[in-house]
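For the sequence shown, UniProt numbering begins at 1 and goes up steadily by one. Beta carbons are placed, not taken as given, at the ideal position from N, Cα and C, and that holds for glycine.
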Amino acid sequence: MLPISQPPIASWANQAHLMSIILRQPASLEWIYSHYIQLELLQGLSGVDYLINYTFPDAPEAVCPWLEVRHVPRTSIEGNIVPWLQERLMEGYYIYLFLNTYHLPSYSSYHESDYAHDPLIVGFDSSAHTFAIRDFHSNPKGYFKYETFNVDFASLERSYNTMSEDMDKLGGVQLLRVNANCTYQFDSKLAANSIADYLESRCSYPKVRNWLTTPVFSYGLQLYAHLSEHFRSVAEGKASPDFRLLHVFHDHKLLMRHRLHFMAYQKHLIPEHLAVNYDQVLTTSLRLRSIALKYYLTRDTKYLHKCDPLLSDLQNKEHQTLLAIIDALRS
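Below, the structure is given as structure tokens:
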């Protein structure tokens, strides 16, 4: 199996895959901390839902200097996919692709419905006839978790062969390798501009259309209003609960906390007390996440009614703390 690292956050599969690969090189944290700052509310790839994700000028793998990316169209892959994948793994490539999870055990859609998801293949075992893949799945303990698990050759082959053209968002396979020659340094100007964009709910740079592109509804702090409306709609029975929204939102605070401590204690770019102040933001976010989770487990709306004042408190704390961070970076 190819070497992998545990990502600091796992908001979405493609983001967790990228971090799992490049964090083999600890210096890649400087690129991660320079990015994954701005958030956007956008339409999901399915076209029937909306989600929160990180804003990038292009697909993250396309702009990450720590990655070597090679795209292989489906039409150029001939014959049985299994030996082809094995050969690429032996060449040192991580393999990113979409598969039909109807044929894959450990996915909720297994033998229920055709559904495309995007795992990362990181190895194989010839004697056990299995591939090692990383993705969100239902593990044997019943938890939905991002981790490495095994899929037998036959199931993976079926899941690849039954992908329709509209299900395959990549239009083929991405082969990924670490660029060990990368020397990217933390970009404090980019970080400051991205934090300013977040606070002002805007995107100040052009974005390239790519396979992840869908309509964007709002940016940055405006997402607080959307979360508040989501909780109200769920409480009134007008919307179905979607814990993914708050999961990504909390991951954003967790990564920001790591980033600010890095900026204060390793790069000495901001006063240490400003990084410590953001710990209160993370604590409030964790409390909000915990209360929302109680609703998702019990369906008792009293927990939803507790979320709105916490959201308001969280927004005020984050706004004030990040304003001070920008002042420190630009002074």
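*Go to S138, then tell me how far its beta strand (DSSP E) extends in each direction, as first and last residue.*
On the sequence shown, residue 138 is found 138 positions in, with the first residue counted as 1. Residues T130 to S138.
*Endpoints, beta strand (DSSP E) assigned at H319*: Along the sequence shown, read from residue 1 onward, the residue named residue 319 stands at position 319. For H319, there is no enclosing beta strand (DSSP E); the enclosing alpha helix (DSSP H) has its first and last residue at K302 to R330.
*For F243, collect the residues of the same chain with a Cβ closer than 8 Å to its Cβ; drop the 5 residues on either side in sequence, then sort them by chain order.*
The count along the sequence shown starts at 1 and reaches residue 243 at position 243. So the qualifying residues of the chain are A292, L293 and Y296.
_Buried versus exposed, by CB contacts within 10 Å (16 or more), Y205_ = Counted from its first residue, the sequence shown places residue 205 at position 205. The residue is exposed, with fewer than 16 neighbouring Cβ atoms inside 10 Å.
*What whole-angstrom Cβ distance do Y93 and L176 have, given they're in contact under 8 Å?*
Walking along the sequence shown from the start, residue 93 turns up at place 93. Walking along the sequence shown from the start, residue 176 turns up at place 176. The Cβ separation is near 6 Å, so the contact holds.
*Can you say whether S108 is buried or exposed, counting buried as having 16 or more other CB atoms within 10 angstroms of its CB?*
To locate residue 108, count along the sequence shown from 1; it is residue 108. The residue in question, S108, is exposed, as its Cβ has fewer than 16 Cβ neighbours within 10 Å.
*Starting from the N-terminal side, write out each stretch of the alpha helix (DSSP H) that is 4 residues or longer and does not extend beyond the segment 20 to 88.*
You should have 29 to 34 and 60 to 63.
*Extent of the continuous beta strand (DSSP E) run through Y146*: Against the sequence shown, residue 146 aligns to sequence position 146. First-last of the beta strand (DSSP E) with Y146: F144 to D152.
*Helix, strand or coil for S218 per DSSP?*
Position 218 of the sequence shown, counting from 1, holds the residue named residue 218. In this structure, S218 counts as strand in the three-state DSSP scheme.
*How is Y184 classed by DSSP in three states: helix, strand or coil?*
For the purposes of this step, residue 184 is identified with residue 184 of the sequence shown, where counting begins at 1. Note: Y184 maps to coil in three-state DSSP.
*Could you tell me if A275 is buried or exposed, where buried requires 16 or more neighbouring beta carbons within 10 angstroms of its beta carbon?*
Start at 1 with the first residue of the sequence shown, and residue 275 comes out as number 275. Sixteen is the threshold: when 16 or more other Cβ atoms of the shown chains lie within 10 Å of the Cβ of A275, as they do, the residue is buried.
*asked:* What residue range does the beta strand (DSSP E) around R177 cover?
replied: Taking the first residue of the sequence shown as position 1, residue 177 is located at position 177. Residues G172 to V178.
*Using the rule of at least 16 other Cβ atoms within 10 Å of the residue's Cβ for burial, across every protein chain shown, is M1 buried or exposed?*
Translated into the one-based positions of the sequence shown, residue 1 becomes position 1. Only exposed fits M1, as fewer than 16 other CB atoms lie within 10 angstroms of its CB.
*Is it buried or exposed for R330, if we count other Cβ within 10 angstroms and need 16 for buried?*
In the sequence shown, residue 330 corresponds to position 330, counting from 1. Exposed is the call here.
*Measure the C-alpha to C-alpha separation of L42 and L29 and round it to an integer number of angstroms.*
As a first step, residue 42 is located in the sequence shown; it is residue number 42 there, counting from the start. As a first step, residue 29 is located in the sequence shown; it is residue number 29 there, counting from the start. For L42 and L29, the distance between alpha carbons rounds to 26 Å.
*Cβ of A116 within 8 Å of Cβ of M167?*
Counting from one through the sequence shown, the residue named residue 116 turns up at place 116. Counting from one through the sequence shown, the residue named residue 167 turns up at place 167. In contact: A116 and M167 (Cβ atoms closer than 8 Å).
*Inspect the beta-carbon positions of G220 and Q38 and report whether they are closer than 8 Å.*
Position 220 of the sequence shown, counted from the first residue, corresponds to residue 220. Position 38 of the sequence shown, counted from the first residue, corresponds to residue 38. Their beta carbons are under 8 Å apart, which means G220 touches Q38 by this criterion.
*If you draw a straight line from the C-alpha of L282 to the C-alpha of W84, how long is it?*
Within the sequence shown, residue 282 is the residue found at index 282, counting from 1. Within the sequence shown, residue 84 is the residue found at index 84, counting from 1. Taking the straight line from one Cα to the other gives about 45 Å.
*Are Q6 and Y96 touching if we call contact CB-CB under 8 Å?*
To locate residue 6, count along the sequence shown from 1; it is residue 6. To locate residue 96, count along the sequence shown from 1; it is residue 96. With contacts defined as CB atoms closer than 8 Å, Q6 and Y96 fail to qualify as a contacting pair.
*Output the distance between the C-alpha atoms of L237 and Y224, rounded to the nearest integer angstrom.*
By one-based count along the sequence shown, residue 237 stands at place 237. By one-based count along the sequence shown, residue 224 stands at place 224. Note that residue 237 corresponds to Gly in the displayed sequence, not to Leu. When only Cα atoms are considered, G237 and Y224 end up about 20 Å apart.
_By DSSP's criteria, Y96 is part of a beta bridge. Which residues make up the other side?_
In the sequence shown, residue 96 corresponds to position 96, counting from 1. Beta-bridge partners of Y96 (DSSP): L120 and Q174.
*So L18 and L67 are in contact, right, with Cβ under 8 Å, and what is the actual spacing, rounded?*
Taking the first residue of the sequence shown as position 1, residue 18 is located at position 18. Taking the first residue of the sequence shown as position 1, residue 67 is located at position 67. The Cβ separation is near 7 Å, so the contact holds.
*Quickly, what does DSSP pair D125 with across the bridge? List them, please.*
The sequence position of residue 125 within the sequence shown is 125, counting from 1. In the DSSP output, where bridge partners are listed per residue, D125 has T130.
*Beta-carbon separation (whole angstroms), S201 vs Q222, contact threshold 8 Å*: The sequence position of residue 201 within the sequence shown is 201, counting from 1. The sequence position of residue 222 within the sequence shown is 222, counting from 1. The C-beta distance from S201 to Q222 rounds to 4 Å, short enough to fall under 8 Å.
*asked:* Measuring only the C-alpha atoms, how far is I9 from A154?
replied: What you label residue 9 is simply residue 9 of the sequence shown in a count that begins at 1. What you label residue 154 is simply residue 154 of the sequence shown in a count that begins at 1. I9 and A154: Cα-Cα distance of roughly 31 Å.
*How would you label F217, buried or exposed, when you count the other beta carbons within 10 angstroms and need 16 or more for buried?*
Position 217 of the sequence shown holds residue 217. Counting other Cβ atoms within 10 Å of its Cβ, F217 stays below 16 and is therefore classed as exposed.
*Could you give the residue range of the alpha helix (DSSP H) that holds M256?*
Translated into the one-based positions of the sequence shown, residue 256 becomes position 256. Per DSSP, the continuous alpha helix (DSSP H) segment holding M256 begins and ends at F243 to Y265.
*Considering only residues of the same chain and omitting the five flanking positions on each side of Q280, which have a CB-CB separation below 7 Å?*
Sequence index remark: in the sequence shown, residue 280 carries index 280 (1-based). Cβ neighbours of Q280 beyond the five flanking positions: K317.
*Considering only C-alpha positions, which residue in the set Y160, S285 and T214 is nearest to Y102?*
Your numbering for residue 102 matches position 102 in the sequence shown. When each option's Cα is compared against that of Y102, the closest is Y160.
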